Amino acid sequence: MRKRRTPASLQRSNQRRSNPSTSSSSRRSTQWPTQSPSPANTRDSIIDAVYRGTLAFDTGDATLLESAMTDDAVLETGGTTFEGMETIRTKLFGRIAKLDTTHFVTNMRVGFKEGEAAASVTAGFLAQHYREGQGVVPDATSEGWEGWEGWEGWVVEGEALEG
Numbered sequence: 001m002r003k004r005r006t007p008a009s010l011q012r013s014n015q016r017r018s019n020p021s022t023s024s025s026s027r028r029s030t031q032w033p034t035q036s037p038s039p040a041n042t043r044d045s046i047i048d049a050v051y052r053g054t055l056a057f058d059t060g061d062a063t064l065l066e067s068a069m070t071d072d073a074v075l076e077t078g079g080t081t082f083e084g085m086e087t088i089r090t091k092l093f094g095r096i097a098k099l100d101t102t103h104f105v106t107n108m109r110v111g112f113k114e115g116e117a118a119a120s121v122t123a124g125f126l127a128q129h130y131r132e133g134q135g136v137v138p139d140a141t142s143e144g145w146e147g148w149e150g151w152e153g154w155v156v157e158g159e160a161l162e163g
């Protein structure tokens, strides 16, 4: 029987989430850069803000969230509109940041006029939400991690995943 290896990225995630010193209330100090080192252009800066905001929800990092949005930001998700940073922080981030989450952003479309202060972004999001501490438990959902069974010989950070 071959031993299945866990990707290094999941091992790090597992360690972070199972460490009592990184509970949702203490995961708020920024460990991630609050902006790209040198965005190539305005469009890249806007996209970077979306990625920072998304990562903030996954890490529970309020400072990172605040670096990604303005005070008058508007966020529409799931048919609900959240207006203003304070509303986004309390009604959405405050609930989701407590969970074990993974968000994926795709098909981003950016609308802006050079020199204007506002921009719009539409994107597709895939979100996985688990109760705190349950995001790394294989049977946390009825489907478990069935997707793992199909991985044969993929390489993740230099390690082959064996089926």
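When you line the sequence shown up against UniProt numbering, it's residues 1 to 163, in that order. Glycine included, C-beta positions come from ideal geometry on N, C-alpha and C. Owing to the predicted nature of the structure, the values given are computational and were not obtained by experimental measurement.
- Message: Here's a check: name, in chain order, each residue in its chain whose Cβ is nearer than 6 Å to the Cβ of residue 127, leaving out the five neighbours to either side.
- Response: 103
- Between the beta-carbon of residue 58 and the beta-carbon of residue 101, is there less than 8 Å? yes
- Message: Relative to the C-alpha of residue 53, which candidate in 116, 83 and 65 has its C-alpha closest?
- Response: 65
- Query: In angstroms, rounded to a whole number, what distance separates the CA positions of residue 110 and residue 121?
  - Reply: 5 Å
- Task: Check residue 24 in the structure and name its three-state DSSP category.
- Result: Since pLDDT at residue 24 reaches only 42, below the 50 mark, its modelled position is unreliable, and the value read off the structure follows with that caveat. The answer is coil: DSSP assigns residue 24 none of H, G, I, E or B.
- Message: Which residue marks the beginning of the alpha helix (DSSP H) containing residue 48, and which one marks its end?
- Response: 42 to 59
- Item | residue 55 versus 116, 93, 83 and 117, residue with shortest Cα-Cα distance | 93
- Query: Just curious, the alpha helix (DSSP H) that residue 102 is in, first and last residue?
  - Reply: First-last for residue 102: 100 to 112, but that is the beta strand (DSSP E), not the alpha helix (DSSP H).
- Message: Nearest by alpha-carbon distance to residue 71: which of 86, 81, 90 and 80 is it?
- Response: 86
- Message: Less than 8 Å between the C-beta atoms of residue 119 and residue 125, yes or no?
- Response: no
- Query: Under a three-way DSSP split, which group does residue 76 fall into?
  - Reply: strand
- What residue from 49, 83, 106 and 39 has the CA that sits closest to residue 63's CA? 49
- Considering only C-alpha positions, which residue in the set 131, 76 and 68 is nearest to residue 98? 131
- Query: Contact check, residue 123 vs residue 106 under 8 Å by CB: the rounded distance?
  - Reply: 7 Å
- Item | For residue 88 and residue 73, believed in contact at Cβ under 8 Å, the rounded distance | 6 Å
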